[in-house]
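A.B. asks: One structure is given below, represented as C-alpha cells, and several questions about it will come after.
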Amino acid sequence: MDQILYVLAIMGCSDDSMQCQQARVEPVRYTSVQACQEAMPAALQRNADIDYPVISAACQRQGGQMVDARRASARPGT
Numbered sequence: 001m002d003q004i005l006y007v008l009a010i011m012g013c014s015d016d017s018m019q020c021q022q023a024r025v026e027p028v029r030y031t032s033v034q035a036c037q038e039a040m041p042a043a044l045q046r047n048a049d050i051d052y053p054v055i056s057a058a059c060q061r062q063g064g065q066m067v068d069a070r071r072a073s074a075r076p077g078t
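The opening residue of the sequence shown carries number 1 in our numbering; numbering runs sequentially from there.
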C-alpha cells in the first residue's frame, strides 16, 4: 500500500478571496496533514512575491490509491 503524502499548494486569490487558483506547490512532502498545516505560515512568507491581491495555502492529499486491476480492465459485456 502506498503512503499518503500531503503537499502545500500556494493559492493566488482575488480581493474577496472567493476566486483562487493554484499558483505554486511547495517541493516538500508531508506525512500528515498536521505537519503540512504547521508549515503554512513559513510557506506563505516564502511565497509573498506572487502577483495576486491575496495569497493563501492549502494542504492537498497526494499519493497512490489502490485499484483492483480486474475491475479497471473489465469491459461491459465481457
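Using N, Cα and C, we set each Cβ at its ideal position, and we do this for glycine too.
If you draw a straight line from the alpha carbon of THR31 to that of LEU5, how long is it in whole angstroms?
C.D. replies: Taking the first residue of the sequence shown as 1, we reach residue 31 at position 31. Taking the first residue of the sequence shown as 1, we reach residue 5 at position 5. Rounded to whole angstroms, THR31 to LEU5 spans 5 Å at the Cα level.
A.B. asks: Pull up the DSSP beta-bridge partners for GLN34, would you.
C.D. replies: What you label residue 34 is simply residue 34 of the sequence shown in a count that begins at 1. The partner list for GLN34 (beta bridge, DSSP) is empty, contrary to what the question assumes.
A.B. asks: Can you have a look at MET18 and say buried or exposed, based on whether 16 or more other CB atoms are within 10 angstroms of its CB?
C.D. replies: Reading the sequence shown from its first residue, position 18 is the one you call residue 18. It counts as exposed.
A.B. asks: Alpha carbon to alpha carbon, how far is SER14 from ALA23?
C.D. replies: To locate residue 14, count along the sequence shown from 1; it is residue 14. To locate residue 23, count along the sequence shown from 1; it is residue 23. Looking at the two C-alpha atoms, the distance is approximately 13 Å.
A.B. asks: Compute the Euclidean distance between the alpha carbons of PRO41 and VAL25, then round it to the nearest angstrom.
C.D. replies: In the sequence shown, the residue the question calls residue 41 occupies position 41. In the sequence shown, the residue the question calls residue 25 occupies position 25. So the alpha carbons of these two residues sit roughly 14 Å apart.
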